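Structure first, commentary second.
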Amino acid sequence: MWIWSYEVVSYVWGTAAASIENTIPGFYTFTKVFDSACFVLVWRWLDLDGAAIEAMDLPDLFFGNRRRKSKEQVDRVWAIMGLLPERLRSRVSPGVDYSAQGRSHYWETFVLFAGAVYEEEQCLALLNIPPSTRKSSPPLPSWCPDFYTAEALCNLQIPNEWRRSVRDETGPYRTWFSIEENDIAADEQKSDESRAALLNHPMKLIKVNNNDAILYIRGFVVDTITEVADGTDLLQLRDAYGDLMYQQFANDFDDPIPWTLRNFLVRALNLCRRTCRPLNLDAKVPQEFVTSVLRDSRLNMEANRACEDLFNTFKQSGAIKHKELDKIRREAVDILWWKVHLTFGHSFFATQAGRFGTATPGCKSGDKICVFYGGEPLFVLPSGGVGVGSKPVKFGGTAFIPHMMDQDQRDAARLSEDEIFAIC
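0 is the number of the first residue of the sequence shown in numbering that gives the first Met the number 0; add one for each residue after it.
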């Protein structure tokens with residue numbers, strides 16, 4: 000009944016408001032917080048089956064809500080406050096300030112809210128929110144997302160993939176997983192246990208110094224980035240192209256945008272070959288590349304074959320090759336392309352230890368791959384932020400490396416003792 004009511008109210012209000020907007024320009028400025036709140040309620044019932052919103056749900060919620068209308072920047076936060084755990088509400092609610100100064104200094108609300116999530120929930124989920132295309136003024140701490148922005152440099156992909164249940168997959172994509180139907184429950188249990196081992200690690204320490212806006216996190220270093228295929232700005236380029244149906248994209252050799260996107264993927268593939276197959280650069284697509292593109296280590300050789308077919312169609316004769324594939328393989332290429340095009344904006348990288356992975360944009364050679372206790376993905380920090388004499392540094396983003404996403408794998412790869420990282 001609740002969800003039905005939300006949907007009806009959202010639809011009726013949206014339809015009525017659209018009509019009124021045609022008559023009274025600017026009408027939406029009075030209704031935007033209602034629109035945001037309505038979206039949050041519907042999202043809660045559709046995605047969480049009515050369960051309480053926890054801190055780990057915030058990236059999905061904020062990212063999905065980023066294009067909803069809001070009258071004030073602070074509405075992005077206040078629209079969801081009533082659905083959050085009581086301990087979090089009690090800390091943040093006293094900071095509610097709709098005075099003229101409170102609305103104009105919206106960044107103070109963002110920092111207050113983010114700091115409360117880190118400390119009260121001992122949760123690093125907000126670090127998973129992709130960086131914004133907008134430059135906040137004044138600048139926010141790098142650990143505090145810009146909750147108001149509508150545009151991000153990449154999609155929310157890294158934290159959402161490698162533990163999702165195969166039960167949710169349908170069609171040809173389901174056959175790419177090396178998990179039989181009768182093993183799905185065991186795989187789900189293993190994923191839940193592995194995730195809990197990361198999020199509830201006994202060495203977790205997350206603290207915010209409110210005086211200088213520094214976030215302190217305990218963790219350790221596992222690797223160093225040596226080379227990057229930079230994908231910064233490619234999401235905006237992809238969006239500028241418009242329709243990305245694969246048949247059209249593969250055949251468009253005159254438009255520079257498809258060429259740029261294809262060339263980026265080829266550069267990333269060649270980087271993976273040099274890193275993982277240095278003695279056989281002409282080898283087919285390495286498993287590490289497929290795993291990094293799809294951010295899942297449970298894939299079988301059908302996923303590899305689809306990736307090989309995809310890259311074969313990037314050649315000038317691509318249209319013919321795509322048509323020559325049988326129906327099942329054509330469908331596989333189309334599905335893979337849909338998955339691949341969601342990753343534009345991310346970068347791919349190689350590491351000193353011979354690993355290959357993907358990260359949110361902005362990572363560069365020399366950056367450190369770190370484990371933060373309590374964090375699910377891997378994290379990137381500039382080299383100046385690790386080791387003896389390190390200083391507070393800007394957060395460098397989240398990362399995925401095949402076979403490095405469980406706690407035991409990370410412990411085996413550690414290069415340093417535990418230390419306290421300082422992020423400004």
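Ideal placement from N, C-alpha and C gives every residue a C-beta, glycine not left out.
Given the structure is predicted, the values throughout are model-derived calculations rather than measurements.
Nearest candidate by alpha-carbon position, reference residue 410, set 221, 187, 384, 261: Of 221, 187, 384, 261, the residue nearest in Cα terms is 221.
| Beta-carbon gap between residue 117 and residue 205 smaller than 8 Å | In contact: residue 117 and residue 205 (Cβ atoms closer than 8 Å).
Practice prompt. Assign residue 58 to buried or exposed, taking buried as 16 or more other Cβ atoms, counted over all protein chains shown, within 10 Å of its Cβ.
Written response: With 16 or more Cβ atoms within 10 Å of its Cβ, residue 58 is classed as buried.
Practice item. State buried or exposed for residue 105, treating a residue as buried only when at least 16 other CB atoms are found within 10 Å of its CB. Key: Burial call: buried.
Q) Quick one: any contact between the segment 345-364 and the segment 319-330, if contact means 3 or more CB pairs under 8 Å? A) The answer is no - the segment 319-330 does not touch the segment 345-364, with fewer than three Cβ pairs under 8 Å.
Inset, instruction - Please specify which runs of the beta strand (DSSP E), each continuous and at least 3 residues long, are wholly inside the segment 347-374, giving them in chain order. - result: Complete beta strand (DSSP E) runs here, min 3: 355-358, 367-371.
Exercise. Tell me whether residue 432 sits in a helix, a strand or coil according to DSSP, three-state version.
Key: Lying before the first or after the last residue shown, residue 432 is absent from the chain, which here runs from 0 to 423.
Residue 418: first and last residue of the uninterrupted beta strand (DSSP E) it sits in: Per DSSP, residue 418 belongs to the beta strand (DSSP E) from 418-422.
Can you tell me where the beta strand (DSSP E) holding residue 134 begins and where it ends? That residue, residue 134, is in no beta strand (DSSP E); it is neither H nor E in DSSP.
### Message
Let me check understanding here. Comparing Cα to Cα, which of 253, 288, 258, 210 lies closest to residue 267?
### Response
Selected option, being the one with the closest Cα: 288.
Tell me whether residue 206 sits in a helix, a strand or coil according to DSSP, three-state version.
Residue state, collapsed to three classes: strand.
- request: Specify the secondary structure class of residue 340 as computed by DSSP and reduced to three states.
  value: Note: residue 340 maps to helix in three-state DSSP.
_Quick check: residue 82 and residue 119, are their CB atoms within less than 8 Å of each other?_
Their beta carbons are not under 8 Å apart, which means residue 82 does not touch residue 119 by this criterion.
Could you check what DSSP says for residue 324 in three-state terms: helix, strand or coil?
Residue 324: coil per DSSP, three-state reduction.
_Check whether the segment 385-392 and the segment 171-181 are in contact - that is, three or more C-beta pairs closer than 8 Å._
No: fewer than three Cβ pairs fall under 8 Å.
Out of curiosity, what's the CA-to-CA distance linking residue 380 and residue 212?
-> Each residue's Cα considered, the two are about 17 Å apart.
Report task. Indicate the three-state DSSP secondary structure (helix, strand or coil) for residue 377 in the structure shown. Result -> Secondary structure at residue 377: strand, using DSSP grouped into helix, strand and coil.
| said: Quick check on residue 212: does DSSP put it in helix, strand or coil? | reply: In this structure, residue 212 counts as coil in the three-state DSSP scheme.
What does the Cβ neighbour count give for residue 144, buried or exposed, with the cut at 16 atoms within 10 Å?
Around the beta carbon of residue 144, 16 or more other beta carbons lie within 10 angstroms, which makes this residue buried.
### Query
What is the C-beta distance between residue 227 and residue 369, in whole angstroms, given that I count them as a contact (C-beta under 8 Å)?
About 16 Å separates the Cβ atoms of residue 227 and residue 369, ruling out a contact at the 8 Å cut-off.
Checklist entry - So residue 422 and residue 214 are in contact, right, with Cβ under 8 Å, and what is the actual spacing, rounded? => result The pair is a contact, with the Cβ atoms about 4 Å apart (cut-off 8 Å).
Per DSSP, which one or two residues make a beta bridge with residue 217?
-> According to DSSP, residue 217 bridges with 419.
Proximity below 8 Å, CB of residue 417 to CB of residue 80: Cβ distance not < 8 Å, so residue 417 and residue 80 don't count as in contact.
Requested in this report: Using 10 angstroms around the beta-carbon of residue 174, count the other beta-carbons present and answer buried if the total reaches 16, otherwise exposed.
Outcome: So residue 174 ends up on the exposed side.
| task | Can you tell me which of the three DSSP states residue 83 falls into? | result | Three-state result, residue 83: coil.
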